[in-house]
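Student:
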Amino acid sequence: MSACRIQFPLQNAFALTVHKTQAITLPKASLHLDDQMFAGQAYVAISRCRSWDDVEILSLTLDAFKVDEKVKKEYIRLEQISSNLSTLFGTIKKVYLKHLTNGGRSPHVGDP
């Protein structure tokens, strides 16, 4: 009686949720980016490796990249603040330059 044994090269593997990968760096990642992702999860998933060469995207749909509406509103609010500050600093700069061209003197009522 003879027997034949066939060996299959198996490698241990495991899976992690996107939540579990937050704040850790992975040596390699294989990802399914589909419409089951919550807002911000696709970014977290693809940013876990040090190099793009270590990221393998197995499936991809554009619905994976969702942005929270609260985040959009906050960006708009910050842009408005930035625009207002730019206008304010522009006005301050004009007043300062006018002051410098006046010889550093403050204008007085009745000065020619």
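Using the numbering used here, you'd call the opening residue of the sequence shown number 1 and step up by one each time. We put the CB at the ideal spot given by N, CA and C, even for glycine.
Which first and last residues belong to the alpha helix (DSSP H) in which S83 is found?
Tutor: Run containing S83: E69 to T101, per the alpha helix (DSSP H) assignment.
Student: Just curious, the beta strand (DSSP E) that A15 is in, first and last residue?
Tutor: Segment: none, A15 is in no beta strand (DSSP E) and carries neither H nor E.
Student: Pull up the CB-CB distance for D68 and G40, whole angstroms please, since I reckon it's below 8 Å.
Tutor: 7 Å between Cβ atoms; contact.
Student: By DSSP's criteria, S30 is part of a beta bridge. Which residues make up the other side?
Tutor: S30 pairs with E56.
Student: Give me, in chain order, the residues of the same chain whose beta-carbon lies closer than 7 Å to that of L26; leave out the 5 immediate sequence neighbours on both sides.
Tutor: Around L26: R48 and C49.
Student: Where do the ends of the alpha helix (DSSP H) carrying I46 lie?
Tutor: Here the alpha helix (DSSP H) through I46 covers Q41 to I46.
Student: Looking only at its own chain, which residues have a Cβ that is under 7 Å from the Cβ of I57, when we skip the five neighbours before and after it?
Tutor: Answer for I57: L31 and L33, listed in chain order.
Student: In this structure, does DSSP put T61 in helix, strand or coil?
Tutor: Residue state, collapsed to three classes: coil.
Student: A45: buried (16+ other C-beta within 10 angstroms of its C-beta) or exposed?
Tutor: By the neighbour-count rule (16 or more Cβ atoms within 10 Å), A45 is buried.
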